[in-house]
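Enquirer: Below is a structure I'd like to ask you about.
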Amino acid sequence: MSIWDRLGDFVTRVSSSASSGVAEVVEAVRTVFSGDADLRRRVAFSVAMIALSAKMAKADGIVTQDEVRAFQEIFEVPKEQRRNVARLYDLAKRDIAGFETYAERMAQLCGSGHSNCLMLEGILDGLFHIAKADGLVHEREGEFLHRIAEIFRIDEAHYQSILARHVDLGAADPYVVLGIERGKPFEEVRRRYRKLVSDNHPDRLIARGLPQEFIKIATTRLAAINAAYEMIERGLRHA
């Protein structure tokens, strides 16, 4: 049985709850998948992405077809299971609990408890991917994403690096992506780049047991890191 078949069973269980709020969603993930840690990680990641993208849409006030396509780029949902994803999305969107409550509970469900948690960074990357799908991260979306990062305990410098991977910040952009100050010796830039490549290599992430959907996001992240390094290297070569 695929993750999406299991998610369908999960959505049916949650939808039958009298209150069907964030507490029921989180508790259902914990109990339904308690015997399979790998599947629980995958489902938890998927539920967090679906629920928080729904909350982001509510904050922004509109869902575009570009955003729907961006979501589908992260998750290859079988046609017969899309209705269940939509049900979970709608459940989160109409839940009276605010997005901060959702973010806090999803952080407890998916996170390591440490700052700059890799899994939570992946969720934030996915939300950025969806937000920018229409060509622009709108002001309300930007405020939403920054607050999510705070709740996820992603520090400001690290958040700026994530932001720079998705939004053009001007001339400082490649340095911000790598999280290193402009003017540092090139050898230091290269060491920083190699560490980021090592930390975000898909094979290493798979070995850590991270869900396949996370790997897709990490591959895009790695492409942004490579592009930033090449830009810095090219600029220094022609200086």
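So the number in the numbering used here is just where the residue sits in the sequence shown, counting from 1, plus 84. C-beta atoms are modelled at their ideal positions from N, C-alpha and C, and glycine is treated no differently.
Among residues of its own chain, excluding the 5 on either side of Arg126, which ones have a beta-carbon nearer than 8 Å to its beta-carbon?
Expert: Ile87, Pro295, Gln296, Glu297
Enquirer: To which residues of the same chain is Glu184 closer than 8 Å at the C-beta, ignoring the five residues directly before and after it?
Expert: Only Arg231, Ile235 meet the Cβ criterion.
Enquirer: Decide if Ile180 is buried, meaning its Cβ has at least 16 other Cβ atoms within 10 Å, or exposed.
Expert: With fewer than 16 Cβ atoms within 10 Å of its Cβ, Ile180 is classed as exposed.
Enquirer: With a cut-off of 8 Å on the beta carbons, I'd call Leu262 and Tyr277 a contact; round off their distance for me.
Expert: 6 Å
Enquirer: How many Å lie between Val110 and Ile207 at the Cα?
Expert: Answer to the nearest angstrom: the Cα atoms are 16 Å apart.
Enquirer: Assess, as a yes-or-no matter, whether the stretch 131-144 is touched by the stretch 203-217 under the definition of 3 or more beta carbon pairs within less than 8 Å.
Expert: Output reads yes: the stretch 131-144 touches the stretch 203-217.
Enquirer: Three-state secondary structure (DSSP) at Phe94?
Expert: helix
Enquirer: My guess is that Pro258 and Met315 are in contact by the Cβ rule of under 8 Å, so how many angstroms apart are they, rounded?
Expert: 4 Å
Enquirer: So, does the stretch 277-287 touch the stretch 301-316, judging by three or more C-beta pairs under 8 Å?
Expert: yes
Enquirer: How do the stretch 191-204 and the stretch 234-250 stand: do at least 3 beta-carbon pairs fall below 8 Å, yes or no?
Expert: With three or more CB-CB distances shorter than 8 Å, the stretch 191-204 counts as touching the stretch 234-250.
Enquirer: Could you tell me how far apart the beta carbons of Gly210 and Ile299 are, in whole angstroms, since I believe they sit closer than 8 Å?
Expert: In this structure Gly210 does not touch Ile299 by the C-beta definition: roughly 12 Å separates them, more than the 8 Å allowed.
Enquirer: Could you pull out every residue in the same chain whose Cβ sits closer than 8 Å to the Cβ of Val78, ignoring the five residues on either side in sequence?
Expert: Residue 78 is absent from the model: the chain starts at 85 and stops at 323.
Enquirer: Just to confirm, are Ile134 and Tyr173 a CB contact at a threshold of 7 Å?
Expert: yes
Enquirer: Whole angstroms are fine: how far does the CA of Val281 sit from the CA of Ile309?
Expert: Using only the alpha carbons, I get a separation of about 8 Å.
Enquirer: With distances taken from CA atoms, which of Arg292, Arg249, Gln244, Ala291 is nearest Ala307?
Expert: The shortest C-alpha to C-alpha distance from Ala307 to any of Arg292, Arg249, Gln244, Ala291 is the one to Arg249.
Enquirer: With a 10 Å radius around its C-beta and 16 neighbouring C-beta atoms as the bar for buried, classify Glu225 as buried or exposed.
Expert: buried
Enquirer: Count the other CB atoms within 10 Å of the CB of Ser137; is the residue buried (16 or more) or exposed (fewer)?
Expert: buried
Enquirer: So the alpha helix (DSSP H) Asp122 belongs to, where does it begin and stop?
Expert: 121-144
Enquirer: Please report the distance separating the alpha-carbon of His285 from that of Glu223.
Expert: If you take the alpha carbons of His285 and Glu223, they lie about 32 Å apart.
Enquirer: Among the residues of its own chain, which have a CB less than 7 Å from the CB of Val106, if the five just before and after it don't count?
Expert: Spatial neighbours of Val106 in its own chain (CB-CB distance under 7 Å, excluding positions within 5 residues in sequence) are listed in chain order as Asp179, Ala181, Thr185, Tyr186, Arg189.
Enquirer: Take Phe270 and list the residues in its own chain whose beta-carbon comes closer than 7 Å to its own, dropping the five residues that flank it on each side.
Expert: Leu320
Enquirer: Whose C-alpha, out of Pro162, Ala121, Gly92, Val221, is nearest the C-alpha of Asp150?
Expert: Val221
Enquirer: Indicate whether Thr148 and Asp89 have their beta-carbon atoms separated by less than 7 Å.
Expert: Cβ distance not < 7 Å, so Thr148 and Asp89 don't count as in contact.
Enquirer: Classify Lys268 as helix, strand or coil using the three-state DSSP reduction.
Expert: coil
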